[in-house]
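Chemist:
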Amino acid sequence: MKMLPLFAAALAIATPAVAGVSVVAPINNSNVAISVQYVANATTTCAKGVSAMGIYTAPYVLAYTVSGPKLNTVLTLSPGTYNTVVQEWDNCGGSTKTPVAIAVTGSQSGGSVHVTAPANNSAVGSTVQFVASATTNCTAGVAAMGIYTAPGVLAYKVNGAKLNTLLALKAGTYHTVVEEWDNCGGAATTPIAVTVGSLGNAGTFANLHQQSGWTGYALLPPFYNICPSCVPSGPQTKWGMTQNLSSPALSGKSTRMDVGGQTIYSDVLWNNHLIGDFSSQGLPDTDRSIIPNVHNFTYDVYFYATDIGSSQALEFDINQFVNGQSFIWGHECRIAGGNEWDIWDNPGQKWHPTGVPCNPVNNSWNHLVIQAQRTSDNHLLFQSISLNGQTATLNYYETPTPTTWYGITINYQQDGNYKQQPYSIWLDKVTFTYW
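Count the sequence shown with this note's numbering and you get residues -1 to 433, in order.
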């Protein structure tokens, strides 16, 4: 009987450490071309780490091995069905494996996938823009492209050789795969690892339209400076903001923004100081630990109109004031002004037409997502605009201007037309993400 504890201890010592193999590509039970890309990584609780990884294309047929916990290679296989296995071996004598079944077609796609965004191994916000294109040697061309957010999870698919979309992802690390399928039965993949909301300085303000901190200002022609004597009741410009409306609404509580008055072509700007000076969110950042480390922004909003044609333009701005520099990412949807997106040139104090159409739908909720970046060399990068699922990549750079302000703010603005016709816009699910 005294031997049992010793025997149990010996078993505990001999038991291999727990490990796992995550295969990013190829997807299990997928059809692939004869050139098959394998991408995988391994983890283990063995204190000495993972020793090696390998690929079995058949029982006892070890086709490839590599030292360490990561594997990325291309195998050339004959047409047929394969029950492949990706295996890891750790330095404690343990091992684990993941089976991956594939059907290899008789064609060589010679395909490739070029991913422009997001960057591999990058930190991103909760709304992630994927931009990619594909090529193939198949004479019939590329049939479709798609995005896998996890093995076997096809989150998006589009016909053709180009892909440009936004995916909303929860916080965490994703080993995504962008794949193309050609019309000859071939396929090619590119793995892209992203970490959503992982940075210490990342954050999201949700349902900002329901929160306090909004201040409205009248902007009068011809110079459109803030009018210090104007009041919401007019008469030059009239404006109002009514929160907690149940209809129309998506979240259950929308906010109506009203403009009118006597001065034609006058505008109303609403501003909210989120971080830094005059923060409405309790984030004054007095120790300068947040704002200098923030470089990326997403402005996500739904808006509704019953008389969209009365609007000269709608404006959505992201502003960062840091290290004595002013970064203003101004985005204006001209409606009566020509149904086109403009972006703001702060040094030149003028708007640049982008050539991107802006056609919001009347009596319907319109979904807008804007992405912008302060580059590592301190320039403004206007990245993309997405309206109702149609995404336009801008990649337009601008230069900051001097300032004594410190903070991160957002603006929303409604412009009056040639009659200064009164009109209303309802806002809902206003979300701002920074990292």
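Yeah, the Cβ is synthetic: ideal placement off N, Cα and C, and Gly gets one too.
Mapping the DSSP letters down to three states, classify Met1 as helix, strand or coil.
Modeler: Unreliable placement is indicated for Met1, whose pLDDT of 33 sits below 50; the coordinate value is still reported in the next sentence. Helix, per DSSP.
Chemist: Does DSSP put Leu164 in a helix, in a strand, or in coil?
Modeler: Three-state DSSP puts Leu164 in a strand.
Chemist: So, is Asp340 buried or exposed, given that buried needs 16 or more other C-beta atoms within 10 angstroms?
Modeler: It counts as buried.
Chemist: When the distance is taken between beta carbons, is Val37 closer than 8 Å to Leu69?
Modeler: Taking 8 Å as the Cβ cut-off, Leu69 and Val37 qualify as a contacting pair.
Chemist: Where do the N-terminal and C-terminal ends of the beta strand (DSSP E) with Phe221 fall, by residue?
Modeler: Counting along the chain, Phe221 falls outside any beta strand (DSSP E), and DSSP gives it neither H nor E.
Chemist: If you follow the beta strand (DSSP E) that Gln84 is part of, which residue opens it and which one closes it?
Modeler: According to the sequence provided, residue 84 is Val. The question's Gln does not apply to it. First-last of the beta strand (DSSP E) with Val84: 78 to 88.
Chemist: Cα-Cα, which of Pro57, Asn344, Val299, Ile25 is closest to Pro400?
Modeler: If we check each option's Cα against that of Pro400, Asn344 comes out closest.
Chemist: Could you work out which residue in Thr55, Pro189, Ser33, Tyr297 is closest to Gly183 when comparing CA atoms only?
Modeler: If we check each option's Cα against that of Gly183, Ser33 comes out closest.
Chemist: Return yes when the Cβ of Thr261 is within less than 8 Å of the Cβ of Thr235, no when it is not.
Modeler: Yes, they are a contact pair.
Chemist: Cα separation between Ser252 and Ala130?
Modeler: Each residue's Cα considered, the two are about 35 Å apart.
Chemist: Using 8 Å as the cut-off, can you tell me whether the segment 352 to 366 makes contact with the segment 293 to 307, which would need three or more C-beta pairs spanning the two stretches below that distance?
Modeler: Because the criterion of three Cβ pairs below 8 Å is met, the segment 352 to 366 and the segment 293 to 307 touch.
Chemist: With a 10 Å radius around its C-beta and 16 neighbouring C-beta atoms as the bar for buried, classify Ile288 as buried or exposed.
Modeler: Per the 10 Å Cβ criterion, buried.
Chemist: State the start and end residues of the unbroken beta strand (DSSP E) segment that holds Cys356.
Modeler: Per DSSP, Cys356 belongs to no beta strand (DSSP E) and is neither H nor E.
Chemist: With burial defined as no fewer than 16 other Cβ atoms inside 10 Å of the residue's Cβ, what is the status of Thr13: buried or exposed?
Modeler: Residue placement at Thr13 is flagged as unreliable, the pLDDT there being 39, under the threshold of 50; a coordinate-derived value is accordingly withheld.
Chemist: Would you mind stating whether Pro149 and Val21 have Cβ atoms separated by less than 8 Å?
Modeler: Their beta carbons are under 8 Å apart, which means Pro149 touches Val21 by this criterion.
Chemist: Have a look at Trp212, Gly139, Asn294 and flag the residue whose alpha-carbon is nearest the alpha-carbon of Gln371.
Modeler: Cα-wise, what sits closest to Gln371 is Asn294.
Chemist: What three-state label does DSSP hand Gly307 in the structure shown?
Modeler: Correct three-state label for Gly307: helix.
Chemist: Could you check whether the segment 203 to 215 touches the segment 152 to 172, counting it as contact only if at least three pairs of C-beta atoms, one from each stretch, sit closer than 8 Å?
Modeler: Touching, no.
Chemist: Specify whether the segment 417 to 433 and the segment 199 to 210 touch according to this definition: at least 3 beta carbon pairs, one from each stretch, less than 8 Å apart.
Modeler: These segments touch.
Chemist: Who pairs with Ala202 in a beta bridge, going by DSSP?
Modeler: Residue identity differs from the one stated: residue 202 is Thr in this sequence, not Ala. Per DSSP, Thr431.
Chemist: What is the DSSP secondary structure of His377, reduced to helix, strand or coil?
Modeler: Three-state result, His377: coil.
Chemist: Have a look at Ile100 and Gly353 and give me their C-alpha separation to the nearest angstrom.
Modeler: If I take the Cα positions, the gap works out to 44 Å.
Chemist: Under the three-state reduction of DSSP, which class applies to Pro282: helix, strand or coil?
Modeler: DSSP places Pro282 in coil when its eight states are reduced to three.
Chemist: Would you kindly work out how many angstroms separate the C-alpha atoms of Val194 and Pro233, rounded to a whole number?
Modeler: Going by the C-alpha atoms only, they are around 48 Å apart.
Chemist: Do Gly307 and Ile273 have their C-beta atoms closer together than 8 Å?
Modeler: Cβ distance not < 8 Å, so Gly307 and Ile273 don't count as in contact.
Chemist: If we count the other Cβ atoms within 10 Å of its Cβ and call it buried at 16 or more, is Leu152 buried or exposed?
Modeler: Exposed is the call here.
Chemist: Using three-state DSSP, classify Gln388 as helix, strand or coil.
Modeler: The answer is strand: DSSP assigns Gln388 an E or B state.
Chemist: Using C-beta distances below 6 Å, list every residue in its chain close to Gly328, excluding the 5 sequence neighbours before and after it, in chain order.
Modeler: These residues qualify, in order along the chain: Asp315, Trp342.
Chemist: Could you tell me if Asp413 is buried or exposed, where buried requires 16 or more neighbouring beta carbons within 10 angstroms of its beta carbon?
Modeler: Asp413 comes out buried.
Chemist: Given a threshold of 16 other Cβ atoms within 10 Å of its Cβ, counted over all protein chains shown, does Leu385 qualify as buried or as exposed?
Modeler: Buried, since its Cβ has 16 or more Cβ neighbours within 10 Å.
Chemist: Quick check: what's the CA-CA separation for Ser110 versus Ile190?
Modeler: Roughly 14 Å separates the two Cα atoms.
Chemist: Taking the beta strand (DSSP E) that Ala185 belongs to, which residues open and close that run?
Modeler: Where Ala185 is concerned, the enclosing beta strand (DSSP E) stretches over 185 to 194.
Chemist: Report the three-state DSSP secondary structure of His207 (helix, strand or coil).
Modeler: Of the three classes helix, strand and coil, the one that applies to His207 here is helix, per DSSP.
Chemist: Ile423 by DSSP, collapsed to three states: which one?
Modeler: Three-state result, Ile423: strand.
Chemist: For Asn181, collect the residues of the same chain with a Cβ closer than 8 Å to its Cβ; drop the 5 residues on either side in sequence, then sort them by chain order.
Modeler: Taken in chain order, the residues that qualify are Cys136, Ala138, Gly139, Val140, Ala141.
Chemist: So, helix, strand or coil for Ile145, using DSSP?
Modeler: In this structure, Ile145 counts as strand in the three-state DSSP scheme.
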